[in-house]
Structures are given as structure tokens and as C-alpha cells.
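In the numbering used here, the protein residues as written are 1070 to 1206. To start, the structure under review is shown below, and the notes come after it.
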Amino acid sequence: MTEENRFKVAITSSLELVEQGEHREALKLLDDSIAEAKRENNVSWIRTLCHHAAIVSRFTENLGSAKHYYEESLASDPENAKALYGLATVALDQGELEIAKQYATRCHTALLQYDEGLLKQGLLDLLMKQWPDIAEN
């Protein structure tokens, strides 16, 4: 099985586990795949798997776990706008307004400097809706 297929299977299998209510098993499967992607230094798959794990964690209302996965993604790619946005929303949900704004500002900067296309515009729209004043900084 190719590297890409292994990681796609991990995502698909984790979704099946979530549908069955097996949330811990889904995250364990993703943790194993993230560790494998890290061993291979495959930043693209680390980001993808971490983001997926963060979404699963948010689905199960585990903000601490979601934060952990966004931080793991950020460790492999410090200017990852999706991870920065995820950390901003987790901080906001946890009532940490200043931290949320700091992550949102970093996300805005990363989007303007590094990202292009549809993702950029979508995240910029979300940022401006929640934090309209960060564009002024």
C-alpha cells in the first residue's frame, strides 16, 4: 500500500469508528498514523491527520484534545493557517479571548504571506467575521 493510501485508509477508518461511537479508538488510530507521518517527516500528512484528529476531538467536545492536535500540526508547520485558526477558535470556546485574538492575528498574517486560493479567502472571511479588528493591526 502506498504512503498516501495508508493515510487515506486511516482517515476513512477513523470516520467509521466515530460513526460507531468508538471515539477513543478513532483517535488512537489517528495518533498511530500521525506518529508514522512524523517518522517519515511527511509534513503534509502530519497537517492533514492532525487537523482531522482535531475535528474528531471537537465533535466529541474535547477541546483539550483538539488544542493538542492543532499544536502538533503547528509544530510541524509553524505558519499553518488552519492550525492557527483552530487554536483561535478553541481558545475562544474556552473563554481565553486574548489568546484567541493572538492566534487569529497570527493566522491572518500567515494567510496574507503564505496561503493562496480558496482556503485563504475562506479563512480570511471567517477571521473577519469573528475578529474584524485584526485586519487593522
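Where a beta carbon is used, it is the ideal one built from N, C-alpha and C, also for glycine. Bear in mind the structure is a predicted one, so any value in this text is a computation, not a measurement.
Item                                                                                                             : Value
Cβ neighbours of Val1159 in the same chain (closer than 6 Å, five flanking residues each side left out)          : Leu1132, Ala1135 and Lys1136
Local conformation of Asp1194 per DSSP, three classes                                                            : helix
Three-state secondary structure assigned by DSSP to Asp1146                                                      : coil
Range covered by the alpha helix (DSSP H) that runs through Ala1173                                              : Leu1166 to Gln1182
Own chain partners of Glu1141 with C-beta closer than 6 Å, once the 5 adjacent residues on each side are dropped : Cys1119
Straight-line gap, Leu1084 to Ala1095 (C-alpha atoms, nearest Å)                                                 : 7 Å
Inter-residue Cα distance where the pair is Leu1196 and Arg1175                                                  : 11 Å
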